[in-house]
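Colleague: Here it is, the structure in full.
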Amino acid sequence: MKRGFPEHWVETTLKEVVVSKKGKKPKILKDKPFPKSSPYIDIEAFETGLIKQYADNESSNICVPTDVLVVWDGARFGLAGFGQSGSIGSTLACLTPIIVEPRYLYKFIQSHYSTIQQKPKGMATPHVDPDLFWNLELPLPPLNEQKRIAEKLDTILPKVKSARARLEKIPAILKKFRQSVLAAACSGKLTEDWREEYTERTGKELPEWEEKKLNEIIYNIKYGYTSKSFSHGEIKYLRITDIQNGKVSWETVPFCQIEKNVIKKYLLEKNDIVFARTGATTGKSFLIKDCPPSVFASYLIRIKPNTNIVSAEYLYFFFQTEYYWLQINENVAGIAQPNCNAQKLSNILIPLPPLEEQHEIVRRVEKLFALADSIEEKYKKAHERVEKLEQAILARAFRGELVKPDPNDEPAEELLKRILEEKAKLEREQKGKKRKK
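Here is the structure:
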């Protein structure tokens with residue numbers, strides 16, 4: 002092998018094997034087909050295949066299914082597509098292969114997507130850097146070998162795509178599973194068998210579940226402290242933005258300045274629960290377990306559960322249920338800036354089992370959530386492997402490792418000569434057309 006590909010291949014650049022044209026905005030666009038019109042391929046049609054508009058052929062640049070389309074402008078610049086025909090939108094470029102297997106060319110550009118994305122041109126609207134793009138080094142096998150490689154990729158890559166699609170269903174399944182666990186936990190279904198066993202074991206009937214308002218099972222409810230945040234200090238200052246995905250990275254939480262005589266009012270302790278009271282995260286909660294000396298910011302509300310009546314962990318699990326969110330959304334005031342005040346939070350209804358059953362519920366929920374967390378970790382690793390797999394397969398394809406060579410194929414050197422001759426001919430013809438205009 003030479004330069005990372007077989008001896009019988011040659012190296013050229015992308016610009017040598019295609020003719021290109023940029024898309025443009027046509028003069029006529031309609032919602033339905035009309036005489037001498039074509040489907041209009043804008044960025045939405047390119048990504049979804051759904052055609053919503055039709056353009057007049059005369060003012061359009063037209064592509065055919067064997068052309069390779071590339072997103073030239075916008076966030077997804079460098080993304081390649083294949084197999085579409087119609088009027089090319091202004092954010093797309095069309096590449097017509099010259100005696101090169103179109104599918105091979107498409108997969109080659111697809112394999113360089115991350116490279117193209119790493120070097121955008123332009124500031125406000127990023128677009129493809131033409132110097133980088135047109136000078137991409139293209140390993141060129143014989144034409145028949147290109148076809149065999151494309152066919153092999155057409156066989157393998159859909160399997161990778163199918164595996165990815167199946168994996169991507171897992172987060173939604175896990176989310177539904179966790180919600181089902183919480184619903185069962187806070188309705189009594191999760192511990193039905195435990196209640197029966199308890200009666201058999203002790204000979205006593207457990208008290209019935211009750212429904213209590215939040216203010217009946219907590220010591221107090223309080224708004225947070227108003228302060229500027231500082232990078233150094235003694236007392237941490239927990240804000241809404243510090244709570245991400247149910248976790249707090251305490252080392253990144255800033256500090257605040259607070260007088261010693263008021264610290265006690267706002268000092269966070271184990272089993273405290275804080276709530277976001279305003280903004281997009283209104284109603285989200287966080288259970289304090291272990292934390293450095295910290296107070297909570299003014300956009301948070303803190304409750305102190307009465308642990309003689311209610312388990313803080315049980316209460317925190319309830320605050321993640323659909324029943325809780327239904328009540329919060331009913332009690333949220335404000336559209337532009339949603340908020341929930343202490344009074345409204347105090348009136349939230351809580352299904353309350355006996356304390357001993359609450360502890361059993363917490364134990365079972367934690368066990369089931371640990372199982373879900375374990376599956377989620379395996380999913381993340383599998384998803385990462387699948388994401389790398391497609392690029393690994395493409396890399397092998399362009400190193401000549403997917404298919405065997407055929408000595409009867411036209412040599413790649415001869416193919417490249419024909420390509421360059423054909424390109425020169427097309428360029429001469431194009432110049433002639435421009436002079437006639």
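Per my numbering, residue 2 is the first one in the sequence shown, and the count goes up by one each step.
Note that the Cβ used here is the ideal one computed from N, Cα and C, for glycine as well.
The model shown is predicted, which means the values in this text are computed figures rather than measured ones.
Do you know offhand how far residue 418's Cα is from residue 124's?
Modeller: The straight-line gap from Cα to Cα measures roughly 39 Å.
Colleague: How long is the line joining the alpha carbons of residue 103 and residue 232, rounded to whole angstroms?
Modeller: Each residue's alpha carbon lies about 57 Å from the other.
Colleague: Under three-state DSSP, which class holds residue 374?
Modeller: If DSSP states are grouped into helix, strand and coil, residue 374 belongs with the helices.
Colleague: What are the boundary residues of the beta strand (DSSP E) that includes residue 40?
Modeller: It spans 38-42 - the beta strand (DSSP E) in which residue 40 sits, taken as one unbroken run.
Colleague: Taking only three categories from DSSP, how would you classify residue 108?
Modeller: Three-state result, residue 108: helix.
Colleague: Using three-state DSSP, classify residue 133 as helix, strand or coil.
Modeller: Helix, per DSSP.
Colleague: Considering just the uninterrupted stretch of the alpha helix (DSSP H) at residue 116, what are its terminal residues?
Modeller: Counting along the chain, the alpha helix (DSSP H) containing residue 116 begins and ends at 114-118.
Colleague: How is residue 272 classed by DSSP in three states: helix, strand or coil?
Modeller: Reduced to three states, the DSSP call for residue 272 is coil.
Colleague: Classify residue 35: buried if its beta carbon has 16 or more other beta carbons within 10 angstroms, exposed otherwise.
Modeller: It is exposed - the Cβ of residue 35 has fewer than 16 other Cβ atoms within 10 Å.
Colleague: What are the partner residues of residue 217, as DSSP defines its beta bridges?
Modeller: Residue 217 is not bridged to any residue.
Colleague: Using the C-alpha atoms, what's the distance from residue 278 back to residue 300?
Modeller: Going by the C-alpha atoms only, they are around 6 Å apart.
Colleague: I'd like the list of long-range same chain contacts for residue 387, defined as Cβ closer than 7 Å, with 5 residues on each side in sequence excluded.
Modeller: Correct list, in chain order: 161, 164, 165, 168.
Colleague: Kindly provide the ranges of any beta strand (DSSP E) runs that are 3 or more residues long and lie completely inside the stretch 5-65, ordered along the chain.
Modeller: With a minimum length of 3 residues, the continuous beta strand (DSSP E) runs that stay inside the stretch 5-65 are 11-14, 19-23, 38-42, 55-57.
Colleague: Along the chain, where does the beta strand (DSSP E) that runs through residue 237 open and close?
Modeller: Start and end: 236-239.
Colleague: Report the CB separation of residue 81 from residue 71 in whole angstroms; it is logged as a contact under 8 Å.
Modeller: Confirmed, Cβ separation roughly 5 Å.
Colleague: Would you give the residue range spanned by the alpha helix (DSSP H) that residue 264 belongs to?
Modeller: Counting along the chain, the alpha helix (DSSP H) containing residue 264 begins and ends at 261-267.
Colleague: In the structure shown, what three-state DSSP assignment does residue 409 receive?
Modeller: Residue 409 falls in the coil class under three-state DSSP.
Colleague: Count Cβ pairs between the stretch 145-156 and the stretch 353-362 that sit closer than 8 Å; are there 3 or more?
Modeller: Cβ pair count under 8 Å is below three, so no.
Colleague: In angstroms with no decimal places, state the Cα-to-Cα distance between residue 296 and residue 256.
Modeller: If you take the alpha carbons of residue 296 and residue 256, they lie about 9 Å apart.
Colleague: With DSSP as the reference, please indicate the residues paired to residue 74 in a beta bridge.
Modeller: For residue 74, which the question treats as bridged, DSSP gives the partners 128.
Colleague: When the Cα atoms are used, what is the spatial distance from residue 175 to residue 372?
Modeller: Their Cα atoms are separated by approximately 10 Å.
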